[in-house]
Structure formats: C-alpha cells, structure tokens
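Below is one structure, written out as structure tokens; comments come after it.
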Amino acid sequence: MAGIVRHASEVYTLTLFKEFNKEFMKGISATSTLIGEHDTTTVYRVTSFMGDRSNEVIFDSSMKLITCDCLKFERFGMLCCHSLRILLINSVQRISDAYIKNRWTKIAKSKVWDKFGKVSLAEKVGRNIPWRHEITRKFYNLMLTAEENEDAIKIIEESHKRDSLAINALNSTKNVDVLTDASSSTKILDPTRSKIKGRGKRAKGHFETSKKKKAGTSNSIQSKEFGTKTPKQHLF
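Note that this note's numbering has the sequence shown beginning at 99, numbered continuously upward.
Right under this line is the structure:
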C-alpha cells in the first residue's frame with residue numbers, strides 16, 4: 099500500500115477514504131507529462147486512461163502544495179485523481195494539512211461521540227450509532243495495518259474468535275438472568291368470574307317461545323266460536 103493511501107486511511111472517515119481510494123486508482127491508470135518547471139514549481143499535463151480528457155496540475159515540491167484546473171478540491175474538499183497522480187510520481191507519502199478538511203476526518207466524528215459519552219447509560223439507548231461508526235473505523239484501520247503481515251492477521255482472527263465466544267456467553271447469561279427474574283416476580287392469577295343475573299334459570303329457545311305464542315292464539319280463537327259461551331240475553 100502506498101504511503102499516501104495509508105495516511106488517508108488513518109485520517110479520513112471510512113466513507114471518504116473509499117472515495118479517496120477510487121481517485122487514487124484513477125490516478126495510477128493516468129499518464130503525466132512535464133510541460134514546465136521553475137525553481138521548485140513544476141507543471142504537468144495529466145491525461146486520463148481513455149485519453150479523452152487532460153488537466154493541468156501545478157506542484158510546489160518545497161511546500162508540498164498542488165493545484166489542478168479541474169477544481170475538484172475547491173468544490174468538494176478532496177484531492178482529484180490528477181493531483182494524486184503527481185503526488186505519487188513525486189514520492190509524497192503524506193497528505194498536506196492544507197488538503198485535509200476537518201469535516202471529513204475521524205477527529206470530527208470522535209467529537210460527536212464525546213458528547214454522547216457525557217450522558218448516562220439509559221440516555222444512550224437507541225443512540226449508539228456514533229459508537230458503531232467509531233469502532234468500525236478502528237477495526238478497519240487495524241485490518242489495513244495487519245493485511246501485509248501473516249502473523250498480525252492470525253492475531254486478529256484468533257482475537258475475533260475469542261471475543262465472539264466471550265460476548266455470546268455474556269449475552270446468554272444475561273438472558274437467563276432476565277428470564278429467571280421475570281418468572282420469580284410474576285404471579286399468574288386465574289381470571290375473575292363475572293355473575294350474570296338470572297344465571298340459574300335456563301333461557302328458553304326460539305322454538306319454545308314461538309310454540310307458546312301459537313298456543314295462546316288458538317285458545318283465544320276457540321272462545322269466540324258460536325255456542326262456546328252463554329250469551330247474556332236470550333235470543334228467542
């Protein structure tokens with residue numbers, strides 16, 4: 099890994115480092131031509147791999163300052179592939195502080211996490227995203243440091259296995275304790291029975307009620323038939 103790329107991985111956030119690496123790879127595939135020189139200042143013409151575009155880059159070797167007419171740094175705050183190409187051929191190992199924007203650095207993200215570190219544990223619930231970003235960057239940088247050393251890779255892999263087992267055991271113990279506390283403190287009672295008025299009497303069905311009504315109607319009809327009731331006055 100080139101020194102300037104390693105320095106970028108140490109300084110920039112993971113998101114910006116990915117973009118930086120893309121620009122660096124474009125710079126490697128480009129070609130450069132020296133078109134002018136005065137004291138410590140040199141002027142280059144950088145042409146893309148496809149040859150469809152070229153840009154002019156001015157580099158000051160004494161101050162390690164560089165400018166490109168594409169103006170990518172002025173617009174986005176990140177060095178372009180043309181500038182990285184010239185820095186690479188001049189064996190520059192570190193990015194000048196003038197080209198490191200504070201908003202893209204890990205220090206800026208750490209300051210955000212420091213604010214969360216001042217609150218209580220209960221207040222941190224649901225707000226652990228900054229911690230995730232911070233710990234991800236740390237392990238990513240550790241991976242970059244160890245990727246060229248077989249012994250270092252073995253140490254990281256063994257540490258990952260050991261830590262995974264320890265964390266899983268800790269979570270299992272915690273879950274058992276929660277279930278035990280819940281079962282010992284919670285008492286399940288039978289549901290209360292509600293008393294309904296007239297529960298002792300059986301409710302009559304629809305057919306029984308209908309039959310009773312029909313019986314009452316037939317009796318009233320029979321009582322109105324002639325001869326079933328003695329009239330109050332004699333008819334003859």
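Think of the CB as a built atom: it goes at the ideal place given N, C-alpha and C, for glycine as much as any other residue.
{"Item": "In terms of residue numbering, what span does the alpha helix (DSSP H) encompassing L182 cover?", "Value": "179-187"}
{"Item": "Expressed to the nearest angstrom, what Euclidean distance is found between the alpha-carbon atoms of T113 and N200?", "Value": "14 Å"}
{"Item": "To the nearest angstrom, how far is the alpha carbon of T131 from that of T145?", "Value": "8 Å"}
{"Item": "Helix, strand or coil for S107? Go by DSSP, reduced to three states.", "Value": "helix"}
{"Item": "Specify the secondary structure class of K120 as computed by DSSP and reduced to three states.", "Value": "helix"}
{"Item": "Return the CA-CA distance between R192 and M241, expressed in angstroms with no decimal places.", "Value": "20 Å"}
{"Item": "Rounded to whole angstroms, what's the CA-CA distance from D261 to A128? Just pull it up for me.", "Value": "44 Å"}
{"Item": "Can you tell me the Cβ-Cβ gap for G125 and L182, rounded? I've got them flagged as a contact below 8 Å.", "Value": "4 Å"}
{"Item": "What does the Cβ neighbour count give for L177, buried or exposed, with the cut at 16 atoms within 10 Å?", "Value": "buried"}
{"Item": "Please determine, among M161, A196, D167, the residue with the shortest C-alpha to C-alpha distance to G175.", "Value": "A196"}
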